[in-house]
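Colleague: Counting along the sequence shown from 1, when you hit position 238 you're at 259 in our numbering, and nothing is skipped either side.
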Amino acid sequence: MLILGIETSCDETAAAIVEDGRTILSSMVSSQVPLHEKFGGVVPEIACRAHGELIIPVIDSALEEAGVAGEDLCGIAVTAGPGLIGALLIGVSTAKAMAWGLDLPILAIDHLDAHIYANNLVHEVEYPFTTLVASGGHTALYLSESPTRHRLLGSTTDDAAGEAFDKVAALLGLGYPGGPIIDALAEKGRADAVNFPRTMLAEGSLDFSFSGLKTAVLYHVKGQNAAGRPQGPPDEAEKIDVAASFQAAVVDVLTGKLFLAAAQEGVKRIAISGGVAANSALRSRIDARAEREGFTFYVPPRELCTDNAAVVAGLAWHGLSRGESSGLTFDAYARRGA
Ligand code: KG4
Ligand code: ZN
């Protein structure tokens with residue numbers, strides 16, 4: 022069963038062909054980073070316009086790379102939300118037009134469910150497992166009970182982890198998107214150079230907060246230490262140490278809460294997904310602890326962590342193969358539950 026997936030929730034225009042929820046025949050991702058870079062973040066209007074220009078060529082190249090014609094497809098899947106509403110609408114409208122033109126069923130897919138599905142494309146996952154989804158817009162822990170059932174255990178009360186990476190990179194003048202840049206730079210820095218706060222919230226809490234950490238980095242960089250004395254802007258070497266120390270704080274919190282969630286739920290299987298799951302320090306830290314403590318750890322390859330359409334097409338197979346369809350009247354949504 023060949024399914025075309027379409028993803029336009031943020032700044033990647035993506036299309037993929039996946040067979041039977043498992044085999045990726047093609048996965049095209051056209052990044053808009055060069056368009057947004059000079060603004061230090063995603064500009065929604067620019068993202069929408071770029072999706073409009075790129076969506077058909079990206080779908081065409083996904084079909085071509087897979088050696089598949091529109092008539093060979095059994096269904097179409099599209100990210101309906103959460104995300105930038107204008108950006109989502111480009112993908113949703115295109116998917117609906119194709120479904121109508123080719124007389125195919127269409128399934129609306131939730132972006133977070135799709136992120137979590139990344140592990141199903143590469144592992145024989147066993148349920149249940151605790152999942153950390155950490156991206157530019159979301160940071161949450163779930164108990165995953167099936168590909169389509171994820172019970173929320175905790176989430177961020179302010180910034181998402183990826184957002185913190187992006188904002189800290191911006192205030193260090195490192196560029197956009199911040200995650201991959203800090204990841205690469207941190208390898209050269211001292212993770213214990215600055216003791217940034219690890220915000221754990223209440224005892225046993227599975228919620229997150231990254232705004233205090235971000236503010237601590239801001240004060241440090243703008244020349245105030247904990248006692249409020251000016252200490253001057255950081256030079257290049259100090260910036261690298263700040264990046265490494267900031268990353269260490271995020272990794273400590275994400276790792277600690279993921280294992281705490283697993284302990285609370287009594288499961289020995291854990292998973293990560295979303296853009297921040299591409300982070301080298303996070304991957305190796307969780308991997309080492311999982312190994313030490315006898316956990317099964319599901320981690321997707323980096324290209325399936327960040328936004329892509331293979332996870333959308335893969336997840337949709339579970340619904341489309343059972344005859345489910347969202348019809349042509351569903352709406353895109355910016356937020357879950359909206
Ligand atoms: O999942 P994603 O591609 O899009 C959203 O749904 O938001 O995640 C993008 C986020 C950005 O904030 C980016 O800085 C972060 O993931 N990210 C990383 C890494 N690669 C991407 N954060 C830390 N380390 C990385 N290697
Ligand atoms: Zn995402």
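Even glycine gets a Cβ: it sits at the ideal position worked out from N, Cα and C.
From a predicted model like this one, the values you see are computed outputs, not experimental measurements.
Identify whether Val154 lies in helix, strand or coil by the three-state DSSP scheme.
Modeller: strand
Colleague: My assumption, with CB atoms under 8 Å, is that Ser156 sits in contact with Gly183. Please give the rounded CB distance.
Modeller: 5 Å
Colleague: Quick one: using the 10 Å Cβ neighbour count with 16 as the cut-off for buried, is Lys188 buried or exposed?
Modeller: buried
Colleague: Start and end of the alpha helix (DSSP H) containing Val238?
Modeller: In the DSSP assignment, Val238 falls within the alpha helix (DSSP H) that extends over Ser232 to Val242.
Colleague: Relative to the ligand ZN, what is the chain-ordered list of residues with a Cβ closer than 5 Å to any of its non-hydrogen atoms?
Modeller: Ser156 and Asp328
Colleague: Identify every residue that forms a DSSP beta bridge with Tyr319.
Modeller: Ala292
Colleague: How long is the line joining the alpha carbons of Ser346 and His339, rounded to whole angstroms?
Modeller: 11 Å
Colleague: Alpha carbon to alpha carbon, how far is Arg219 from Asp273?
Modeller: 7 Å
Colleague: Answer yes or no: do Val79 and Pro321 have a C-beta to C-beta separation smaller than 8 Å?
Modeller: No.
Colleague: Gly102 and Ala353 - do their beta-carbons sit closer together than 8 Å?
Modeller: yes
Colleague: If you check the beta carbons only, do Ala223 and Ala269 fall under 8 Å apart?
Modeller: Not closer than 8 Å, so no.
Colleague: Below 8 Å between beta carbons: does that hold for Ser30 and Leu105?
Modeller: yes
Colleague: With a threshold of 7 Å, establish whether the CB of Phe186 neighbours any heavy atom of the ligand KG4.
Modeller: yes
Colleague: First and last residue of the beta strand (DSSP E) that includes Gly96?
Modeller: Judged by DSSP secondary structure, Gly96 falls within the beta strand (DSSP E) whose first and last residues are Gly96 to Gly102.
Colleague: Tell me whether Val189 sits in a helix, a strand or coil according to DSSP, three-state version.
Modeller: helix
Colleague: If you measure between the beta carbons of Lys59 and Leu349, is that distance less than 8 Å?
Modeller: no
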